[in-house]
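**Student:** Sharing a structure with you now.
Numbering (the numbering used here), first residue to last: 307 to 1048.
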């Protein structure tokens, strides 16, 4: 069988370079999986290796199964390799034989995420640690980060400086001790323990490397440090290593991916061959021209331009709408037109943050267009939205026991299982709601003293909300009630304390809830908003399994669609506000946009809004620098679009990127500026009074900023800080701030 006949010239070269080190730089849609499959089949058919001497590593079990199946179908006879899998499955196979050398007993268990979370919860109880200080999920993410950085429990307190460092370190110690006691490993341990085995037992390292005559690694741009070390160790004996990846699609820094692994491959292995796959089999010429123009502005790349012989196709269209609601309406109308002649399942709306989905969900529902959220929950199903909605529902309807059970311990108030059982028993005996039963128990003094004060505070909050609903002037607007609630229960602080790594995106969803409530203002007040939200959240006939695909740019990686709408191309959204002070992070944002654009097969729309509402305030939106980097020559600008934006981006005030491409200037009018609402964002840190107005500071997450307002607060200060174009309020007793200069 001629394994090379269906390959292009570059693909054939990548397959035939069997021995030595090879870096296959595979652009989007260039057939990288075909190269991997044919390379394995080539080595087997020519007798260069036996099936058990080939190791191929992918990032998902689904991809591994597909690769094995395709190799088997390519081979006329013979056995496909069995050692095809994820990094974790490859290491598990080794450790099943070698774990006793590391002190584990035979038959050790591998804990999944749910097992790990349960173990962390138990450890917090046993160690009498503050379970409200950080959620088990946040602790597990931090432990995973420490393991992937090579930090063991004994070193971890220095790794996590600040007031929470002791809690995280103690939880890590308890967690790892629990795993050992139970003869178990988690997923991170599989790779860490394989590396430990190789370090402590060089003879075993030589054995396993010797059994790996050919090593192939997919998605190499997404590897982290431990995975890189594992690749080096397994390829040590024979030296036959082929890695396939695309530096222009490296978008998982937040998961620990290190783009340096692929950028430095030829430096790490000076004798390595480089093969570039640049012929694209997915997109039209116009889509590729626009995408190439954008990503050329990055410096963290080896460099390549994608091309196709399929023709130019439809022009890439850029549309700027007056506001974010008009943007959602425009995209909805576009989907209505598309539906008349094509399947909705091959259309996608891509956005930078999950919070952006709300307007598109509501607009699609209003038009009766089915959709599905890919890789996330629908807006009204998200935890933070359900938490706050429970309060709103209970304020309107005290008989809602379901909402009571959710709201009563959000944030945690120490009303434990025993207290809740007592309240439920009283409610059942008296035929009352849980709300009324708690009020009766508080009046009778039967609530345990430890919980009574917090329970009373909970009831007071509900009473205050009802006063606002029933105010003589017709009641406060729904948006103001939601805003009051968020501040009254310190919900932003709760999110940062318990879900630090996800707090930013959750607060963006909270902002969208405030906006949704404001939009629903009318004579029906809060009840009208709740009715509308209920209809949206229960629209199962619309939000079904088949329909328009809604997802973040991160979720879109690896997918493709005939029609793609990449929305929200504004400074502060794409690129995201928290990246604006770091050129390296801006480059990853640019790669994200590039990934989104190259998902499109036939038609690509780029949209932006001239104004956008955040936390209830409408502000002008600055056009994303990415639009001018793509270039007017690569876009068909469609009304309604303010043509002045082009002259703005070409004006003398425009800054020039290091590539020479001009983009929209960033000034005080930047779209990413929020109103100076209390964004909360407590983050763990110091409480010193050393941040006067005008001081420049650095924050681990938000970058470099300037203090613009200083207010006193318990144990420190409350600072309003301008980060790039966005203002945030941080408490110094939590915020991890470093002052820059004097």
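Even for Gly, the Cβ is constructed at its ideal location relative to N, Cα and C.
Run through DSSP, which three-state label would residue 507 get?
**Tutor:** The answer is coil: DSSP assigns residue 507 none of H, G, I, E or B.
**Student:** Roughly how many whole angstroms lie between the Cα atoms of residue 516 and residue 412?
**Tutor:** Cα to Cα, residue 516 sits roughly 24 Å from residue 412.
**Student:** Could you spell out where the beta strand (DSSP E) holding residue 291 opens and where it closes?
**Tutor:** Residue coverage of the chain in this structure runs from 307 to 1048, which leaves residue 291 outside it and unanswerable.
**Student:** Can you give the Cα-Cα distance for residue 551 and residue 491, rounded to whole angstroms?
**Tutor:** C-alpha separation (whole angstroms): 29 Å.
**Student:** Give, in chain order, every unbroken run of the alpha helix (DSSP H) that is at least 4 residues long and sits entirely within the region 518-550.
**Tutor:** Listed in chain order, they are 531-540.
**Student:** Beta-carbon within less than 7 Å of residue 666's beta-carbon, same chain only, minus the 5 sequence neighbours each way: which residues are those?
**Tutor:** Taken in chain order, the residues that qualify are 634, 637, 655 and 856.
**Student:** Using 8 Å as the Cβ pair cut-off and three pairs as the minimum, do the region 864-872 and the region 710-723 touch?
**Tutor:** With a cut-off of 8 Å, the region 710-723 and the region 864-872 do not count as touching, because too few Cβ pairs lie within range.
**Student:** Between which two residues does the beta strand (DSSP E) carrying residue 1005 extend?
**Tutor:** It spans 1002-1005 - the beta strand (DSSP E) in which residue 1005 sits, taken as one unbroken run.
**Student:** Distance, Cα to Cα, residue 620 vs residue 590?
**Tutor:** Straight-line Cα distance between these residues: approximately 8 Å.
**Student:** Locate the beta strand (DSSP E) running through residue 397, then write down its first and last residues.
**Tutor:** Looking at the DSSP string, residue 397 is not in any beta strand (DSSP E); the run it does join, the alpha helix (DSSP H), is 393-404.
**Student:** I'd like to know whether the C-beta of residue 676 is nearer than 8 Å to at least one C-beta of chain C.
**Tutor:** The structure shown contains no chain C, having only a single protein chain.
**Student:** Give me the residue from 325, 891, 944 and 588 with the minimum Cα distance to residue 557.
**Tutor:** The candidate whose alpha carbon is nearest that of residue 557 is 891.
**Student:** DSSP puts residue 882 in a beta bridge; with which residues?
**Tutor:** Note: residue 882 sits in a beta bridge opposite 878 and 879.
**Student:** Can you find at least 3 beta carbon pairs, one from the region 810-830 and one from the region 909-921, that sit closer than 8 Å?
**Tutor:** Verdict: yes, contact present.
**Student:** Using CA coordinates, which residue listed in 510, 454 and 426 is at the minimum distance from residue 494?
**Tutor:** For the residues 510, 454 and 426, the minimum Cα distance to residue 494 belongs to 454.
**Student:** Does the region 322-335 come close enough to the region 493-509 that 3 or more CB-CB pairs lie under 8 Å?
**Tutor:** Verdict: no, contact absent.
**Student:** Per the DSSP calculation, residue 1035 is bridged to which residue(s)?
**Tutor:** BP columns for residue 1035 point to 1026.
**Student:** Where does residue 716 sit, in a helix, a strand or coil, going by DSSP?
**Tutor:** Coil at residue 716, not helix or strand.
**Student:** Start and end of the alpha helix (DSSP H) containing residue 470?
**Tutor:** Note, residue 470: premise wrong, no alpha helix (DSSP H); not H, not E.
**Student:** Are there any heavy atoms of the ligand ZN lying less than 7 Å away from the beta-carbon of residue 448, as far as the coordinates show?
**Tutor:** Although the ligand ZN was asked about, the structure shown includes no ligands whatsoever.
**Student:** With distances taken between CB atoms, is the gap from residue 564 to residue 363 smaller than 8 Å?
**Tutor:** The answer is no: Cβ separation not under 8 Å.
**Student:** When you compare the CB positions of residue 536 and residue 680, do they come within less than 8 Å of one another, or not?
**Tutor:** Taking 8 Å as the Cβ cut-off, residue 536 and residue 680 do not qualify as a contacting pair.
**Student:** Name the residue from 571, 706, 1044 and 554 whose alpha carbon lies nearest to the alpha carbon of residue 538.
**Tutor:** The shortest Cα separation from residue 538 among 571, 706, 1044 and 554 belongs to 571.
**Student:** Give the list of continuous alpha helix (DSSP H) stretches no shorter than 4 residues that lie fully inside the region 444-493.
**Tutor:** Segments of the alpha helix (DSSP H) lying fully in the region 444-493: 462-465 and 471-487.
**Student:** On a CA-only basis, which of 821, 360 and 353 is nearest residue 342? Give me that one, please.
**Tutor:** Here the closest residue by C-alpha is 360.
**Student:** Look at the Cβ atom of residue 474, then the Cβ atom of residue 640, and state whether they are nearer than 8 Å.
**Tutor:** The answer is no: Cβ separation not under 8 Å.
**Student:** Based on the DSSP secondary-structure assignment, which residues constitute the bridge partners of residue 582?
**Tutor:** According to DSSP, which records beta bridges pairwise, residue 582 is partnered with 331.
**Student:** With C-beta atoms as the reference, is residue 706 less than 8 Å away from residue 698?
**Tutor:** Contact flag unset, no.
**Student:** Taking the straight line between their C-alpha atoms, what separation do you get for residue 803 and residue 349?
**Tutor:** Looking at the two C-alpha atoms, the distance is approximately 53 Å.
**Student:** With 16 other CB atoms within 10 Å as the buried threshold, where does residue 845 fall?
**Tutor:** Bear in mind that the predicted position of residue 845 carries a pLDDT of just 48, short of 50, making it too unreliable to give a figure here.
**Student:** In this structure, does DSSP put residue 889 in helix, strand or coil?
**Tutor:** Helix, per DSSP.
**Student:** Can you tell me whether residue 866 is helix, strand or coil according to DSSP?
**Tutor:** Here residue 866 sits in coil by DSSP.
**Student:** Assign residue 311 to buried or exposed, taking buried as 16 or more other Cβ atoms, counted over all protein chains shown, within 10 Å of its Cβ.
**Tutor:** Per the 10 Å Cβ criterion, exposed.
**Student:** Which same chain residues, not among the five before or five after residue 416, have their C-beta less than 8 Å away from its C-beta?
**Tutor:** Same-chain partners within the cutoff: 398, 490, 491, 492, 493 and 496.
**Student:** Across which residues does DSSP place residue 915 in a beta bridge pair?
**Tutor:** Bridge partners of residue 915: 627.
**Student:** Just to confirm the assignment, what range does the alpha helix (DSSP H) spanning residue 810 have?
**Tutor:** Per DSSP, residue 810 belongs to the alpha helix (DSSP H) from 806-825.
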